[in-house]
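Enquirer: Take this structure first; my questions come after.
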Amino acid sequence: MRELQDRTRFEPAEVEPRIIRRWLDCGLVHPEPAGLAEQNYSIALPPPNVTGVLHMGHALNGAIQDALVRSNRMRGKRTKWILGTDHAGIGTQRQVEKRLESEGTSRLEIGRDAFVQRVWEWREEHGGQIIEQFKRLGATLDYEDERFTMDERYQEAVMRVFVDLYNDDLIYRDHYMVNWDPGLRSAISDLEVEEREGVVDTLYSIAYPLASGEGELVVATVRPETMLADTAVAVHPDDERYGGLPGQEAILPLVGRRLPIIADEYVKTDFGTGALKITPGHDPNDFEIGRHHGLDEIGVIGEDGLMTEAAGERYRGLTALEARERIVADLEEQGLIRGREEYVHAVPYSQRSGERIEPLISLQWFMRMDELARPAIEVVRSGEVRIHPESQRKRYLDWLAEIRPWCISRQLWWGHQIPVWYRGEEVYCGLQAPAGEGWLQDPDVLDTWFSSALWPFATLGWPEPTPELRAFYPTDVLSTARDILFLWVARMVMMGLRFTDDIPFADVYVHSIIQAPDGRRMSKSLGTGVDPLALIEGGPRPPAFEQGGDFPGYGADAVRFGLLAMSSTQDVRFAEEKVQQGQALANKLYNATRFVALRVGDDAEPAPRPRTVEDRWILSRLQAVVTDTQARIDGFDFAKAALGLYDFVYGELCDWYLELVKPRLSEEADPQDRAALGSTLLHVLRATIATAHPIIPFVTEELWELLGWTAKEGLLATSRLPSPNEALRDPAAEQEMERAIEAIKALRAWRDSVSVKAGVKVPGTLQASGYDETAGHVAALARFELNSHGDGEPVASVAIPGGAVSVLASDAVDLGAADRRMVQQREALGAEIARASGKLANEGFVAKAPEAVVARERAKLERLREELAALAAPSGGG
RNA sequence: GGGCGAUUAGCUCAGCUGGGAGAGCGCCGUCUCGACAAGGCGGAGGUCACUGGUUCGAGCCCAGUAUCGCCCACCA
């Protein structure tokens, strides 16, 4: 209590770390596995990169999931928020490679085993930071049960899945066209490729002489270096210009190879010359055409990006670009370049390394997806799995409908090594190395997303039938950003259905991506990335921000509130003001509690004991905020949940209710009423604090304790959400209070407009109906001296709902200003009356609008007329 | 090339099944009112991107245009 006396502000830096410790120490984050998943509640955290640091996306998603987790825990459900990290094959491997480079060595130099050892060491050193940051955010993850995709048990699950799919012929190895990332020296999947628009290249037209010796075919290409791998020239079968050519041959310049001229519908007659060089080894389309026509597949660009043996003596060993220059020069010399023009088109780049993708044929592992996709489409179609918002559901379905095989092997060392062994021609796939000498394991590892796809069940101990699996699988919600809807979410659905015969989660919530204030992406390199920890604890604003300097340290509550308030069904810009709004809310709630706690007797117990209209009003409004906030969290409408709470605390509880009841709390007030009011106040506060807890957990937990409830009942985080009490809904009280509030605002505005000094009470008479219970409040909060009979001369009149207040002459009022104001008010009322009556005079409106709307309009007109009448004829009487 | 979304106050955004445009911040004015100056009170500020249509009535529905953004895509 002394603390409450002295501290006039909520200090997150002081309070929050203390509260975190209490949450972690009391074991609330770790549920023992019991019961069935249907009764319990679980969410699997999208596993962050083990060596990552918390970014805005994590913070937003943390706030979202924690709000869900806390509100369900507070409904008494056994709740588990599954925690773990991802080994992030490529990213982590590169970090360690860089480190080795700085040490003057390399991965190749130290060898595979030593390298993998180094990665584990790196993880020891740098891993886990992000988990501490989640704690700072207040996320009630199960920190006592942390998983890692490279843990032994998890690896076993991965191997098991691979072997299973291999045995079912869904995983196979093939020479196939892949997206080769020359920077990574690895294949990557289609989803890791981004098309960059607007790349400027030169489109060369090159003449290929016909083998007959008569004439030539001119083909166009932006990549002349690939011509060394050409194995055909294609034209459209219906192209009259080339009627007789299919079946003949052309001579590949520089190489001299005879190329069959084939006919294929793929060729566009209206592009270039209508003749297309076919390079099955280095172009995805040509690859398809080549397979269709049974063409040779030649590779002239190697996995190292250099020209291969097959490119011939003259070009071997050059980079592709160097080869291009030399080839163009050579063709030029032979007079075979028919033209060159600037050409702007889209080009595939690797998202991982940023390098231009080199399509080439490579021996890789693939997963056949169509069979797996079918049930994954079905569960979403049927609504068994719900994806929010709707637009993302459509994206999901569209993508799965046209799914292609997934290249799952990566030429890396850090990850799950493929459980396949070779000995000569023999191939063995199994959980352990085969018996016998001379077996060599496939050196490749699996795409990181392969293991991530098992996340919701592998974390719970699958394939063993563990109690955890029973208690928490399927999970309830999966919350994530949309950029991994295909990479991850869709694949989890497919793998879940395949291996657990169940959906992995019932709801998918796809949250906003928070952009920088200027609309750009938040990114470290652009200088636009906001560090959530800097926001919470104070730290520098990003360089690209208009406003410089440090964030003041808003605290986790403010940041969580702000992020939730910003969130939407689409991308949003970061708005620091929303975080400030959260800070203001925490502080407001703190001070409201101070106010109540310091004035209410120690023996007061929270209970609704309404004695006046404002009591009935606030209790009624409380039911609304309790119900709405819970429904909004359940419905993934977090912005409304947060802002609705703010509106209640500010706009109803503090601005009005606390102000209204102040007189009843004074020393001279009726003790009986005071006791009842104390109970009501505590009741309202208690329900508000509990309702707010999933959104702003820290300040609410602190207040819960300051009010003495922790000592009696335990932490708020483990308490129950209030259940709405419909019996306390009171529309009549709400209406009456709304009217009173409107009247107070009108009178305050009037005072301001005629420059009445703030402290002065204005004498007047109330000439309006509907203020039986609220007249005193209107007088007090508007600072009027309202008598039923006036002693002075009426000098002005102020319109309020249902009538007016007649102002009596006094020193307080400037008569000239009052007159001007009254004229203004009459004009305004007159205009509104004209509008309303005009509308009602419109036959179409009266005839066709719904009755209720017309009735409302009539009532409004009636009220306006009353007000005007009261204004027009200020009289001394009542 | 297809698909989706956005455009509302100076800024960031709400606006439910069509029935008198809202919030936060910022701005102006004002207040040493016993919870809170991270506060109270009052105020100014909007052709709801544009054009046309449907309707008694459109920010909301329909068609088109413009600008911005995102996703998907194998025309060399």
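Residue 206 is where the first sequence starts when you use my numbering, and the numbers rise one by one after that. Ideal Cβ placement from N, Cα and C applies to all residues, glycine included.
1) Would you call the CB atoms of V363 and A663 closer than 9 Å?
2) Are the CB atoms of N266 and D291 nearer to each other than 9 Å?
3) Should the stretch 613 to 626 be regarded as contacting the stretch 650 to 658, the criterion being three or more beta carbon pairs within less than 8 Å?
4) Using a threshold of 9 Å, state whether the C-beta atoms of G1008 and E1067 are closer than that.
5) Leaving aside the five residues before and after A658 along the sequence, list all residues of the same chain whose C-beta is less than 6 Å from its C-beta, in chain order.
6) State the CB to CB distance for the pair I708 and V590, rounded to an integer number of angstroms; the pair is presumed to be in contact (CB under 8 Å).
7) Can you tell me whether Q775 is helix, strand or coil according to DSSP?
8) Looking at the unbroken beta strand (DSSP E) that takes in W286, where does it start and where does it end?
9) Just tell me which of F655, W654, S656, E630 has its CA closest to the CA of W644.
10) If V533 and V404 are in contact, beta carbons under 8 Å, what's the gap, nearest whole angstrom?
11) Between the stretch 853 to 873 and the stretch 1014 to 1023, are three or more C-beta pairs nearer than 8 Å?
12) Short of 7 Å in beta carbon distance, which residues of its chain neighbour F756, apart from the five on each side in sequence? Order them along the chain.
13) Q720 by DSSP, collapsed to three states: which one?
14) By Cβ distance, which residues of its chain are closer than 6 Å to P1079, with the 5 residues on each side in sequence left out?
15) Is L636 buried or exposed, if buried means 16 or more other CB atoms sit within 10 Å of its CB?
16) Which residues mark the beginning and the end of the beta strand (DSSP E) in which G1021 is found?
17) Please state the DSSP three-state secondary structure of A525.
18) Is E873 helix, strand or coil by DSSP?
19) For G1083 and A846, I'd like the C-alpha separation in whole angstroms.
20) Along the chain, which unbroken stretches of the beta strand (DSSP E) at least 3 residues long are found entirely within the stretch 540 to 591?
21) Nearest to R687 by CA position, among E595, E669, T885, is which residue?
22) Here's a check: name, in chain order, each residue in its chain whose Cβ is nearer than 8 Å to the Cβ of V1018, leaving out the five neighbours to either side.
23) What does a CB cutoff of less than 8 Å around Y204 pick up in its chain, not counting 5 residues either side in sequence?
24) I689: which of Y714, L848, C612 sits nearest, CA to CA?
25) Please name the residue in P238, V427, G333, L481 whose C-alpha comes closest to that of H441.
26) By how many angstroms is the C-alpha of R573 removed from the C-alpha of R519?
27) Would you identify the three-state DSSP class for M261, choosing helix, strand or coil?
28) Counting only the same chain and skipping the five closest in sequence on each side, list residues whose C-beta sits under 8 Å from that of R390.
29) On the CB-based measure, 16 or more other CB atoms within 10 Å of its CB, does D723 come out buried or exposed?
30) Run the CB neighbour count on G294, radius 10 Å, all protein chains shown included, and call it buried at 16 or more, exposed below.
31) Can you give me the start and stop residues for the beta strand (DSSP E) that L408 sits inside?
32) How about P737 and H263: do their beta carbons lie closer than 9 Å?
33) Applying the criterion that 16 or more other CB atoms from any shown protein chain within 10 Å of the CB defines a buried residue, is G767 buried or exposed?
34) Measuring alpha carbon to alpha carbon, tell me which residue in I494, L912, F710, C634 is nearest Y377.
35) When DSSP labels each residue in this structure, what does G452 get in the three-state scheme?
36) How would you write the range of the alpha helix (DSSP H) that K793 sits in, first residue to last?
Expert: Result, derived from the coordinates:
1) The residue given as residue 363 occupies position 158 in the first sequence. The residue given as residue 663 occupies position 458 in the first sequence. For V363 and A663, yes; Cβs fall inside 9 Å.
2) Numbered from 1 along the first sequence, position 61 holds the residue referred to as residue 266. Numbered from 1 along the first sequence, position 86 holds the residue referred to as residue 291. In this structure, the beta-carbon distance from N266 to D291 does not fall below 9 Å.
3) Flag = yes, the stretch 613 to 626 and the stretch 650 to 658 touch.
4) Looking up residue 1008 in the first sequence gives position 803. Looking up residue 1067 in the first sequence gives position 862. In this structure, G1008 keeps its C-beta atom at 9 Å or more from the C-beta atom of E1067.
5) Locating residue 658 in the first sequence gives position 453, counting from the first residue. These residues qualify, in order along the chain: R696, M697, M700.
6) If you number the first sequence from 1, residue 708 lands on position 503. If you number the first sequence from 1, residue 590 lands on position 385. For a cut-off of 8 Å, the C-beta gap from I708 to V590 is around 5 Å, short enough to register as a contact.
7) Here residue 775 refers to the residue found at position 570 when the first sequence is read from its first residue. Here Q775 sits in coil by DSSP.
8) Start at 1 with the first residue of the first sequence, and residue 286 comes out as number 81. It spans 284 to 290 - the beta strand (DSSP E) in which W286 sits, taken as one unbroken run.
9) For the purposes of this step, residue 644 is identified with residue 439 of the first sequence, where counting begins at 1. With distances taken between Cα atoms, W644 lies closest to E630.
10) Taking the first residue of the first sequence as position 1, residue 533 is located at position 328. Taking the first residue of the first sequence as position 1, residue 404 is located at position 199. Incorrect: roughly 18 Å between the Cβ atoms, too far for contact.
11) Taking one beta carbon from each stretch, the stretch 853 to 873 and the stretch 1014 to 1023 have fewer than 3 pairs nearer than 8 Å; the two do not touch.
12) If you number the first sequence from 1, residue 756 lands on position 551. Around F756: A739, L740, G743, G744, R746.
13) Your numbering for residue 720 matches position 515 in the first sequence. Three-state result, Q720: strand.
14) Counted from its first residue, the first sequence places residue 1079 at position 874. Reliability of the predicted coordinates at P1079 is poor, the pLDDT of 49 falling under 50, and the value obtained from them is presented with this limitation in mind. If we look at P1079 and ignore the five residues flanking it on each side, its Cβ neighbours are P999, S1002, S1011.
15) What you label residue 636 is simply residue 431 of the first sequence in a count that begins at 1. Taking every protein chain shown into account, the CB of L636 has fewer than 16 other CB atoms within 10 angstroms, so this residue is exposed.
16) Reading the first sequence from its first residue, position 816 is the one you call residue 1021. Per DSSP, G1021 lies in no beta strand (DSSP E) segment; the continuous alpha helix (DSSP H) that holds it begins and ends at 1020 to 1046.
17) On the first sequence, position 320 is the one that residue 525 refers to. Shown here, A525 sits in a helix according to DSSP, grouped into three states.
18) By one-based count along the first sequence, residue 873 stands at place 668. The three-state reading of DSSP puts E873 in coil, since its state is none of H, G, I, E or B.
19) The residue you call residue 1083 lines up with position 878 of the first sequence. The residue you call residue 846 lines up with position 641 of the first sequence. Only weak support is given to the placement of G1083: the predicted model assigns it a pLDDT of 36, under 50, and the question is left unresolved by the model.
20) The qualifying runs are 542 to 555, 563 to 572.
21) On the first sequence, residue 687 is found 482 positions in, with the first residue counted as 1. Across the set E595, E669, T885, the C-alpha of E595 shows the shortest separation from the C-alpha of R687.
22) Numbered from 1 along the first sequence, position 813 holds the residue referred to as residue 1018. Here the set comprises V959, V961, V967, V1000, A1001, V1012.
23) Because the chain spans 206 through 1083 in this model, residue 204 falls outside it and cannot be assessed.
24) As a first step, residue 689 must be located in the first sequence, where it is residue number 484. By alpha-carbon distance to I689, the top candidate from Y714, L848, C612 is Y714.
25) In the first sequence, counting from the first residue as 1, residue 441 sits at position 236. The option with the nearest alpha carbon to H441 is L481.
26) The sequence position of residue 519 within the first sequence is 314, counting from 1. The sequence position of residue 573 within the first sequence is 368, counting from 1. Straight-line Cα distance between these residues: approximately 40 Å.
27) For the purposes of this step, residue 261 is taken as the residue at position 56 of the first sequence. Reduced to three states, the DSSP call for M261 is helix.
28) Locating residue 390 in the first sequence gives position 185, where the first residue counts as 1. Hits under 8 Å: E508, D509, Q616.
29) The count along the first sequence starts at 1 and reaches residue 723 at position 518. By the 10 Å Cβ count, D723 comes out exposed.
30) In the first sequence, counting from the first residue as 1, residue 294 sits at position 89. With 16 or more Cβ atoms within 10 Å of its Cβ, G294 is classed as buried.
31) In the first sequence, counting from the first residue as 1, residue 408 sits at position 203. That run of the beta strand (DSSP E) goes 398 to 414.
32) Start at 1 with the first residue of the first sequence, and residue 737 comes out as number 532. Start at 1 with the first residue of the first sequence, and residue 263 comes out as number 58. Cβ atoms of P737 and H263: closer than 9 Å.
33) Stepping through the first sequence from its first residue, residue 767 is reached at position 562. That one is buried.
34) Here the question's residue 377 lines up with position 172 in the first sequence. It is C634.
35) Residue 452 sits at position 247 when you count from the first residue of the first sequence. Assignment of G452 by DSSP, reduced to helix, strand and coil, places it in the coil class.
36) By 1-based counting over the first sequence, the position of residue 793 is 588. It spans 781 to 802 - the alpha helix (DSSP H) in which K793 sits, taken as one unbroken run.
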